[in-house]
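In what follows, a single structure is set out as structure tokens and then discussed.
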Amino acid sequence: STLYKVRIDGTEQKEVMDRAVFTCSADGQYFYYNGMNEDGSIHRFDTASDSTTVVYEGNTFQPVVNDGEDVYYIDGNTDYSIIHTNLLFQNPTYVTRDSVDSYNVHGSYIYYQRFDKDGSALCMIKNDGTEQMVIQEGDFCDIHVTSYYVFFREYHSGEMYCFARSNPYEIEHFRPGTLD
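In case it helps, my numbering puts the sequence shown at residues 11 to 190.
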């Protein structure tokens with residue numbers, strides 16, 4: 011697989027990377043991703059210069075950079091827990107020690123899928139590690155967050171669900187075109 015960039019009108023298509031990239035986060039002119047084949051480091055791609063820089067060496071997955079400063083990632087060396095740090099990677103701290111399959115960050119909350127052989131669940135936690143709660147027991151994926159809703163899919167059936175960020179206890183089936 012190859013990464014291309016193209017102008018919004020479809021012109022000026024250009025190959026910028028000759029390998030697959032799992033883009034996890036965009037912030038300004040940069041997007042961040044973890045190495046897939048060669049390493050688990052966090053890379054930053056500069057869309058202005060089409061250049062890549064390794065910003066952190068480690069065994070990471072799904073890096074998210076917010077506001078050019080806060081960095082979150084799943085740490086493969088700590089049983090896949092979520093770590094929070096800054097772009098200088100100073101003082102990394104655990105957000106949760108749960109084993110995490112996937113997550114999404116919005117504002118001061120992190121929504122994540124906890125893996126546990128005795129009870130996996132969709133959970134949420136404040137980005138400082140407080141106010142952790144289980145939203146729904148089960149195996150979920152594709153966690154997407156908007157300013158008002160959190161959307162997710164049941165892993166085995168493919169059923170889609172959502173809840174208002176202001177009320178995670180009222181989960182409803184999501185059928186495109188039916189939200190009020």
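By construction, the Cβ of each residue, glycine as well, lies at the ideal position given by its N, Cα and C atoms.
Here DSSP, grouped into helix, strand and coil, assigns Ser59 to coil. Here Leu98 is exposed: its Cβ has fewer than 16 other Cβ atoms, across all protein chains shown, within 10 Å. In this structure, the CA atom of Gly50 is about 11 Å from the CA atom of Asn87. Per DSSP, the continuous beta strand (DSSP E) segment holding Thr106 begins and ends at 103-106. Looking at the DSSP output, Arg124 sits in a beta bridge with Val110, Ala131. Within the DSSP bridge table, the entry for Cys172 names Phe161, Glu182 as partners. The stretch 144-158 and the stretch 120-136 touch, with no fewer than 3 CB-CB distances between them shorter than 8 Å.
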